[in-house]
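Have a look at the structure below, then the notes.
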Amino acid sequence: LQSQAQAGKANVIKEADVAIAMQQLLPHSVNEYEDVIFYQQYPQDKQVVIESYDMDSFRDSGLHWLYFKEALSDLGQQVKLEADPFAAELLSEAIAHYGVLLLRRAGELGKLNNQSELSSALVTSAYESIKKEVNNYHQYQPEILPAPVIMSAGNQDNKVIRYFDNVTDKQKIDFEHRSSDWLSRQLRSYLNKDANTGISTIPPAFGGSGVAAEDINGDGLVDILLLSGAGNKLFYNSGSFFEDVTLQSGLQNISQRPGVNAAKKLPGEPRQPLIADWDNDGDQDIMITYVDEPHRIYRNNGDGRFTDVTAIAALGGAGMVGGPATTVDVNNDGLLDIYIEYFGNYLKGDLPTLKRRNDNGGENVLFINKGNFVFEQAKDALGANNKGWGQAVTHADLNMDGWQDLIVGNDFGVNSYYINKQGKAFVDYADKIGTSKPSYTMNIGLSDLNHDGIADVYISNIVTMNKDQKYVLPSEETQAEFNPDKLANMRVVEGNDLFISSFDSKGALKYQRSDKVGRGYSSTGWAWDAEFFDADNDGDDDLYVLNGMNDYYVYSTSNPYYADPITGESVNAEFPDAAKASNVFFLNEAGGLVNTSVQSGLDFIGNSRSASYLDFDNDGDLDVLVNNYHDKAKLFENKAETLNNNWLKLRVKGLPAEGVNLDGIGAQIIVGFGDKGYGWRQVSGSQGYMSVHPKEQLFGLGKDNSVRVMVIWPNGKRQQFGPLQANHRYTLTYGATKP
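Below is the structure:
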């Protein structure tokens, strides 16, 4: 350091000198969670990560400053230059980095040699090991992958003043989300730990409920299902407005939870809706996950009514905090299976710990469809029995082998990308493909933004800012504290991730994070559902991100830490409702996603959770239905028809006898139009955050009039159709030569 500073003719050692030396001694980077990543240019599965709580615990001991002092004493007269304060601080931080890595490596070596105590010999061996690793790393030449790109349609010139109008009242959608009566009471009471002890759990129970859209009664019009702890509602689309048919349909939400007063007929706490044809009879059935009671499934009778077959399906859920779910055929037998995530268990007072890979969130489950609504739970979910705090799940054929893979999104953890091994097992490839970063995941959105035929992934993620929450000597087993006073005033920073697919020189799938999404103070905060759709029918995918804060303002909207800017005196000020935020809309333009929220008409101030994209008025563009948290749902009508862009609607129909489910869930549809026009859609069991969209896919075509279509069926087989004429609806059937 001294030589380096003197070479620059400086009279002090500066922070920049220390930073350069640190990278030579021990190459590393620091992520947004303040974790230290050593050998950062290596693939993720070869990097070494020291979590921030381990660093904090070492710093709490003060050892790094003691080592610094000892080193200065040893050097004595050799030190000719002083370090400026920032350089000294960074140097002590470097000592902390090295100290934690050295102790961890020594411990690992001790375990390998079955030693129960940390000896000086192990520390010496660890030092030699790290020295060798650093030398090898400096010789490493990482493969440089092409920079990720986003493809945009050509400039259509025409713009609309406002893309979406709120038509909620006009369409007679009267719906408001509320937490269930029993959950609302628990949020404001105590959990009995034993006969003499009660604790306020303050659980992270503000996830809200989902929304689904599909033509349920087969009349060619998209219907909607909205979930709430105040009662679920099914609305049939009459063509002029939506009609509440909940009671006559047999879908009323009456809680079966033990302890709930049955005479009051209070609703339960619903989470995820699914709409699919589980018995392959041509009708759309309904499944809903719940908190602390059985997940329910209803068979469509074909006459607008449903029969509750929950007891037959036996999908579990009692005593657990059910969450997101998806349905997909994992074994290619032509029957749709069901995968359910769990989000901890605040019923028992369980909370996440500080570790990056929380594994106390409850075990996710996979149910194999045996026919006629009989489901069999697969042992260990065939390897996908993730124990994180599940917040989002979807599926895709990531390696294009004809078997549907699972993408599991975790809050307080790391996401898993499970590759399906021919219906017999799932193996997590997140480290191998570059997607295993820590995350507070809320959503998984899919698109093919770079037109390579592989799904790109958008993860809603937050970085919390709650510096008042202190931990002494923390470890990975330290339980996270949910202090209501502090969490009522917590702020978050956007940490959303856009992963674009690519391939290395050996043809292996790799994902790279893209920075092609607009940022800024008005960009996203605590994001939930975030999904791609072609809002203006110009032939490329746009992005809509829902925002909403936590619900800790239930306990307090005051900020006791606020100080008067003039006097400096503490003021117990009342702050505005920080739980509400503006949703953000990004238009795909010039190779990037550009924030055009104000123009969109979708930037209302609210506390949003889930959304469905549907063409409720059959005018050839996608409208948006949003289920808000503790607020009324909103329906927005798309005015893109004023642009006079063309469109195409495609529905696929599988053949169960050939191992392809009748709904075609898992099918990819790729359309080509004009010289460079390209569209990609996947028929998904669920996507985003507890959201379900119609299986009929809508493609914007710009000004082109005809389309070439390729369907990649869930079993990997490919079929081509066309040319098909724009502004029409078609059904594409497995094995058929024409629509």
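For the sequence shown, the positions run -8 to 730 when the working numbering is used.
Note that the Cβ used here is the ideal one computed from N, Cα and C, for glycine as well.
Check, Outcome
"List the residues that DSSP assigns as beta-bridge partners of Asn718.", "Per DSSP, none; premise fails for Asn718."
"Output the boundary residues of the beta strand (DSSP E) element that contains Leu100.", "Looking at the DSSP string, Leu100 is not in any beta strand (DSSP E); the run it does join, the alpha helix (DSSP H), is Pro76 to Leu103."
"Is Asp8 helix, strand or coil by DSSP?", "helix"
"Should Lys729 be labelled buried (16 or more other beta-carbon atoms within 10 Å of its own) or exposed?", "exposed"
"Please specify which runs of the beta strand (DSSP E), each continuous and at least 3 residues long, are wholly inside the stretch 335 to 410, giving them in chain order.", "356 to 362, 365 to 368, 380 to 387 and 396 to 402"
"Between which two residues does the beta strand (DSSP E) harbouring Asp235 extend?", "Phe233 to Asp235"
"Is Val3 buried or exposed, if buried means 16 or more other CB atoms sit within 10 Å of its CB?", "exposed"
"Taking the straight line between their C-alpha atoms, what separation do you get for Glu565 and Ile596?", "Confidence at Glu565 is low in this model, with a pLDDT of 39, below 50, so its placement is unreliable and the value that follows should be read with caution. The alpha-carbon atoms of Glu565 and Ile596 are separated by roughly 19 Å."
"Between which residues of its own chain and Phe403 is the CB-CB distance below 6 Å, once the five residues before and five after are set aside?", "Pro343, Asn349 and Trp380"
"DSSP three-state call for Val3: helix, strand or coil?", "strand"
"Starting from the Cα of Asp392, find the closest Cα among Gly707, Leu136, Lys640 and Asn574 and give me that residue.", "Gly707"
"When the distance is taken between beta carbons, is Phe233 closer than 8 Å to Lys163?", "yes"
"According to DSSP, simplified to helix, strand and coil, what is Glu580?", "strand"
"Contact criterion: CB-CB distance below 8 Å. Does Gln177 meet it with respect to chain D?", "Absent from the structure is chain D; it holds one protein chain and no more."
"Expressed to the nearest angstrom, what Euclidean distance is found between the alpha-carbon atoms of Val40 and Gln368?", "35 Å"
"What number of angstroms, rounded off, separates the C-alpha of Ala727 from the C-alpha of Asp210?", "24 Å"
"For Asn452 and Glu80, what's the separation of their Cα atoms in angstroms?", "31 Å"
"Can you list, in chain order, the residues of its chain whose CB lies under 6 Å from that of Gly400, leaving out five sequence neighbours each side?", "Gln382, Ala383, Asn406, Thr432 and Ile435"
"Tell me which residue opens and which closes the alpha helix (DSSP H) that Glu124 is part of.", "Ser111 to Gln130"
"With distances taken between CB atoms, is the gap from Thr587 to Arg642 smaller than 8 Å?", "no"
"Can you tell me the Cα-Cα spacing of Val463 and Asp51, whole angstroms?", "Residue placement at Val463 cannot be trusted, given a pLDDT of 46 that sits under 50; the coordinates are not used to answer."
"DSSP state of Thr728, grouped into three classes?", "coil"
"Check for me: the alpha helix (DSSP H) holding Leu178 runs from which residue to which?", "Asp172 to Leu178"
"Whose C-beta lies closer than 6 Å to the C-beta of Ser599 among residues of the same chain, with five residues either side of it excluded?", "Leu537, Gly539, Asn574, Val617 and Asn619"
"Hey, how far is the Cα of Lys458 from the Cα of Asn323?", "Here Lys458 scores only 47 on pLDDT, less than 50, and its place in the model should not be relied on; the value that follows carries that caveat. Those two C-alpha atoms are separated by around 49 Å."
"For the alpha helix (DSSP H) holding Ile424, just list the boundary residues, first then last.", "Ala421 to Ile424"
"Tell me which residue opens and which closes the alpha helix (DSSP H) that Tyr44 is part of.", "Ser43 to Ser52"
"Is Gly628 helix, strand or coil by DSSP?", "The amino acid at residue 628 is misidentified as Gly; the sequence shows Glu. Glu628 falls in the strand class under three-state DSSP."
"Out of curiosity, what's the CA-to-CA distance linking Phe168 and Gly222?", "What sits at residue 168 in the sequence shown is His, not Phe. Roughly 8 Å separates the two Cα atoms."
"Could you check which residue in Lys161, Asn271, Gln275 and Gln243 has the C-alpha nearest to that of Phe627?", "Lys161"
"Tell me the DSSP secondary structure of Val21 in three-state form.", "strand"
"Short of 8 Å in beta carbon distance, which residues of its chain neighbour Met142, apart from the five on each side in sequence? Order them along the chain.", "Leu440, Asn441, His442, Asp531, Gly582 and Tyr669"
"Is it true that the CB of Ala302 sits closer than 8 Å to the CB of Glu284?", "no"
"With DSSP as the reference, label Ala254 as helix, strand or coil.", "helix"
"Of all the options Leu242, Gln239 and Ile215, which has the alpha carbon lying nearest to the alpha carbon of Gly230?", "Ile215"
"Please say whether Asn355 and Ala375 have beta carbons closer to each other than 8 Å?", "yes"
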